[in-house]
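Remarks on the structure that follows.
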Amino acid sequence: MTIRQQLIIRVPARPQPVQPMQWREKGGPKCIPAGALAGAQISREGVDLLLKGGARVRAKLDRCPPLDYYSGFYIRPGLDGRVCQDRDTIRVRSGGSCEIDAFKTLVPAGRK
2 MTIRQQLIIR VPARPQPVQP MQWREKGGPK CIPAGALAGA QISREGVDLL
52 LKGGARVRAK LDRCPPLDYY SGFYIRPGLD GRVCQDRDTI RVRSGGSCEI
102 DAFKTLVPAG RK
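Under this note's numbering, the first residue of the sequence shown carries the number 2, and numbering increases by one thereafter.
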């Protein structure tokens with residue numbers, strides 16, 4: 002009498018990690034309509050604003066490290082309903098604020 006025992010361990014293939022999207026800055030608008038803002042993402046270079054329709058604009062901050070904005074922030078548009086560079090500020094929940102120095106339009110790095 003022969004007894005055989007077999008153990009099979011299935012190891013699924015790991016999916017390839019998704020490479021983070023690389024962005025390239027181009028000239029940007031001086032102002033953005035506040036109603037066009039859909040979200041935001043913190044980056045090393047500033048605060049990336051996600052606009053309705055899928056466009057991205059980076060708010061370059063005047064001598065403020067963007068890492069301070071991870072806990073959340075507020076943007077108050079001017080009376081004209083727009084957020085403008087060299088005029089408006091981004092305020093953090095802790096009370097600090099930083100002026101928006103410039104806006105840069107973001108495009109995927111592989112595209113012109």
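C-beta: ideal position from N, C-alpha, C; glycine also.
Here the structure is a predicted model, which is why all the values come from computation and not from measurement.
The beta strand (DSSP E) enclosing residue 72, as first and last residue numbers: For the purposes of this step, residue 72 is taken as the residue at position 71 of the sequence shown. Neither: residue 72 is in no beta strand (DSSP E) and is coded neither H nor E.
Contact belief for residue 104 with residue 91 at Cβ below 8 Å, rounded distance in angstroms: Residue 104 sits at position 103 when you count from the first residue of the sequence shown. Residue 91 sits at position 90 when you count from the first residue of the sequence shown. Rounded, the Cβ-Cβ distance is 12 Å, inconsistent with contact.
Burial state of residue 60 (16 or more Cβ within 10 Å): Locating residue 60 in the sequence shown gives position 59, where the first residue counts as 1. Label assigned to residue 60: buried.
Enclosing beta strand (DSSP E) for residue 46 [first to last residue]: If you number the sequence shown from 1, residue 46 lands on position 45. Unbroken run through residue 46: none, as it is neither H nor E.
Three-state secondary structure (DSSP) of residue 41: For the purposes of this step, residue 41 is taken as the residue at position 40 of the sequence shown. Residue 41: strand per DSSP, three-state reduction.
Where residue 60 falls: helix, strand or coil (DSSP): On the sequence shown, position 59 is the one that residue 60 refers to. Looking at residue 60 - three-state DSSP - the assignment turns out to be strand.
CB contact flag (residue 53, residue 39, <8 Å): Here the question's residue 53 lines up with position 52 in the sequence shown. Here the question's residue 39 lines up with position 38 in the sequence shown. Yes, they are a contact pair.
Near the ligand MN: residue 65 beta-carbon under 7 Å from a heavy atom: Ligands in the displayed structure: none, and consequently the ligand MN is not present.
Collapsed DSSP secondary structure at residue 36 in the structure displayed: The sequence position of residue 36 within the sequence shown is 35, counting from 1. Three-state DSSP puts residue 36 in a helix.
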